[in-house]
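Single-structure report; data block below.
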Amino acid sequence: MSGPPGPLWELWADEVARHVAEGYDRLDLLTAVDRLPEGRIEVVIHLVRRSTAGGREDVWGHTLVDRDAPVLDSVTSVLPAAAWHEREIHEMFGVEIRGHDDLRPLLLHGIDGPPPLRKDTPLLARIETPWPGASEESGRRRVTVPGVPPEWREQR
Amino acid sequence: MSDVPAQARGAIALDAAACTSCMLCVKECPDWCIHIESHNEEVSEPGARRPRTVAVLDSFTIDWGLCMYCGICVEVCPFDALHWVPQHDYAAPDAQGLRYGIERLEAFGPR
Amino acid sequence: MAREERVYAVAARPDVRIHVRDLGLACCAVEFAAALGQGLLVPAEDEEPGSAAVLVVSGTVTDALAPQVLAAWEALPEPKAAVSFGACSNSGGPYWDSYSVTKGVDQVIPVTSYVPGCPPRPEALVDALVSLVVPA
Chain B
59 MSGPPGPLWE
69 LWADEVARHV
79 AEGYDRLDLL
89 TAVDRLPEGR
99 IEVVIHLVRR
109 STAGGREDVW
119 GHTLVDRDAP
129 VLDSVTSVLP
139 AAAWHEREIH
149 EMFGVEIRGH
159 DDLRPLLLHG
169 IDGPPPLRKD
179 TPLLARIETP
189 WPGASEESGR
199 RRVTVPGVPP
209 EWREQR
Chain C
13 MSDVPAQARG
23 AIALDAAACT
33 SCMLCVKECP
43 DWCIHIESHN
53 EEVSEPGARR
63 PRTVAVLDSF
73 TIDWGLCMYC
83 GICVEVCPFD
93 ALHWVPQHDY
103 AAPDAQGLRY
113 GIERLEAFGP
123 R
Chain H
147 MAREERVYAV
157 AARPDVRIHV
167 RDLGLACCAV
177 EFAAALGQGL
187 LVPAEDEEPG
197 SAAVLVVSGT
207 VTDALAPQVL
217 AAWEALPEPK
227 AAVSFGACSN
237 SGGPYWDSYS
247 VTKGVDQVIP
257 VTSYVPGCPP
267 RPEALVDALV
277 SLVVPA
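The following block contains the structure:
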């Protein structure tokens, strides 16, 4: 599994709080990746602090949550800027954020369906649209359609 | 049409005689906006023991409403059957009017 | 969503005036701005909106924003026409398979002219606008 360097921050909120207290209080990135084959969702954070020498120092942190029951502790109490990032992780990956007081949708108002950025969420347009690259000869033979893994077709 | 540089990538033209219906452009198009239909014919040649099988292009359609002008089709064609042309003034009153077949794709002009 | 509503003169056709509301939703809005920047379209400051209004949809229509696009269309007085500018507005374009994109603004409003391109160049916008208001 690739990802940011360094050990996992298993006590996620504590580790974030510790780094923020050490001066890494600028949030650059907080997002997630669906590690479907491993059954986990990886959450990644990038924090920056200005160094005394006038440059920048940064730290990457990551943790894993179970795909089937994903729960992440909110870090908004030490990093208010994380509020919308956590809202997006909730909306796009279906992760429950414990301790976040406003998990309203950011973009998917009134749009139902599984979380879009999970890798097993089908792109309906690609399943429903006949692929022009399937020639007549291929007919009933299973053709590999770009962007449509076999698992999606079996879901129909 | 307003003046634009000759190398402007306004549309993609077809040279149907060069097309062998290999379907590479169709398969590589990220928008699935190219459709080709063809059939095989046998052509007997004097002196040859067996007739040759040739692909005959029945239809070649690009949907300009979907096309994102990435040029992958132009690059991937092994027979240089597709090329850029600078025309940009082919807006249409309906979506069907943006689906160009062989005749209109060739009418964009030669390379 | 940027909204520009003005009467424009067409530099190459001084006799033509067009009342345009541009919905600058994504990259195609830059080409609309380029038409202004290059002087292909010139704001006609001293003119009141004329008898016909054109709504130019420049960019990707998302399902979340579709109601606002419809509201902008309905707010225009008759007679009016809508121009779909660019692949996203024509059909969803490169985002034809997205979970959040409306596959063409014609799912929401009636479209009179579909301008192909990704993005179309500024000259394509001007040519399409002129074709709308000047009988062929």
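Chains as they are written, first to last, in our numbering: chain B, 59 to 214; chain C, 13 to 123; chain H, 147 to 282. Cβ atoms here follow ideal geometry from the backbone N, Cα and C, with glycine treated the same way. All values reported here derive from a predicted model rather than from experimental measurement.
is_contact[residue i, chain C] using C-beta, thresh 7 Å
i         : result
Gly97(B)  : no
Gly191(B) : yes
Arg159(H) : no
Cys264(H) : yes
Arg267(H) : yes
Ser204(H) : no
Ala233(H) : yes
Ala270(H) : yes
Nearest-angstrom beta carbon gap, residue j and residue i [assumed within contact, 8 Å]
i         : j         : result
Leu201(H) : Tyr154(H) : In fact, because the Cβ distance is near 14 Å, the residues do not count as touching under 8 Å.
Ala71(B)  : Asp131(B) : 4 Å
Trp67(B)  : Thr121(B) : 5 Å
Leu105(B) : Asp86(B)  : 7 Å
His165(H) : Ala199(H) : 5 Å
Glu146(B) : Leu164(B) : 6 Å
Val38(C)  : Pro190(B) : 5 Å
Tyr112(C) : Thr73(C)  : 7 Å
Pro62(B)  : Trp118(B) : 4 Å
Residue span of the alpha helix (DSSP H) that contains residue i, given as start and end
i         : result
Val88(C)  : Ile84 to Val88
Phe231(H) : Premise fails: Phe231(H) lies in the beta strand (DSSP E), Lys226 to Phe231, not in any alpha helix (DSSP H).
Phe178(H) : Cys174 to Gly183
Leu201(H) : That residue, Leu201(H), is in no alpha helix (DSSP H); its beta strand (DSSP E) goes Ala199 to Ser204.
Val188(H) : Counting along the chain, Val188(H) falls outside any alpha helix (DSSP H), though it belongs to the beta strand (DSSP E) covering Leu187 to Pro189.
Gly185(B) : According to the sequence shown, residue 185(B) is Ile rather than Gly. Counting along the chain, the alpha helix (DSSP H) containing Ile185(B) begins and ends at Leu182 to Glu186.
Glu118(C) : Ile114 to Ala119
Val38(C)  : Leu36 to Glu40
Host beta strand (DSSP E) of residue i (start-end)
i         : result
Asp116(B) : Arg114 to Asp124
Ser50(C)  : Ile46 to Val55
His165(H) : Arg159 to Gly170
Val97(C)  : Leu94 to Val97
Ala23(C)  : Ala23 to Leu26
Ala67(C)  : Arg64 to Asp75
7 Å Cβ cutoff, residue i in contact with chain B
i         : result
His124(C) : Coverage of chain C is limited to positions 13 through 123, which leaves residue 124(C) absent and any answer about it impossible.
Trp44(C)  : yes
Gln19(C)  : no
Asp168(H) : no
Asp273(H) : no
Asp252(H) : no
Val38(C)  : yes
Tyr241(H) : no
Ala210(H) : yes
Tyr154(H) : no
Tyr260(H) : no
Below-7 Å beta-carbon distance, residue i vs any chain H residue
i         : result
Arg184(B) : yes
Tyr112(C) : no
Ala103(C) : yes
Pro174(B) : yes
His100(C) : yes
Leu164(B) : no
Leu181(B) : yes
Arg214(B) : Because the pLDDT at Arg214(B) is just 46, under 50, the model does not fix this residue reliably, and the value given afterwards should be weighed accordingly. So no, Arg214(B) is outside the interface.
Gly77(C)  : yes
His104(B) : no
His167(B) : yes
Ser71(C)  : no
Pro33(C)  : The residue asked about is misnamed: residue 33(C) is Ser in this sequence, not Pro. It does not: the Cβ of Ser33(C) has no partner Cβ on chain H nearer than 7 Å.
Val16(C)  : yes
Contact test: residue i Cβ vs the ligand NAD heavy atom, cutoff 6 Å
i         : result
Leu166(B) : Inclusion of the ligand NAD in the displayed structure is not the case, the ligand content being empty and no account of it being possible.
Per-residue contacts from residue i into chain E (C-beta, under 8 Å)
i         : result
Gly205(B) : The chain labelled as chain E is not found among the protein chains of the depicted structure, namely B, C and H.
Is the region 85-92 of chain C in contact with the region 23-43 of chain C, if contact means three or more CB pairs nearer than 8 Å? yes
Okay, do the region 170-185 of chain B and the region 88-107 of chain B touch, 3+ Cβ pairs below 8 Å being the bar? yes
Ordered list of beta strand (DSSP E) runs contained in the region 77-157 of chain B, each at least 3 residues: Entirely contained in the region 77-157 of chain B, the beta strand (DSSP E) runs reaching 3 residues are, in chain order, 84-93, 98-108, 114-124, 129-131 and 154-156.
Pair every Cβ in the region 94-103 of chain C with every Cβ in the region 152-170 of chain H, then say whether three or more of these pairs are closer than 8 Å. no
Evaluate the contact criterion for the region 39-46 of chain C versus the region 76-88 of chain C: three or more CB pairs, one atom per stretch, below 8 Å. yes
Return the chain-ordered ranges of every beta strand (DSSP E) run that is complete within the region 207-270 of chain H and spans a minimum of 3 residues. Fully contained in the region 207-270 of chain H are the following beta strand (DSSP E) runs of length 3 or more, in chain order: 226-231 and 259-261.
Taking 8 Å as the threshold, find out whether the region 205-222 of chain H comes into contact with the region 134-154 of chain B through three or more Cβ pairs. no
Are the region 171-179 of chain H and the region 262-281 of chain H touching by the rule of at least three beta carbon pairs closer than 8 Å? Taking 8 Å as the limit for Cβ pairs, the verdict is that the region 262-281 of chain H does touch the region 171-179 of chain H.
Under 8 Å: do the region 104-113 of chain C and the region 51-70 of chain C share three or more Cβ pairs, one atom per stretch? no
Does the region 245-256 of chain H come close enough to the region 218-230 of chain H that 3 or more CB-CB pairs lie under 8 Å? yes
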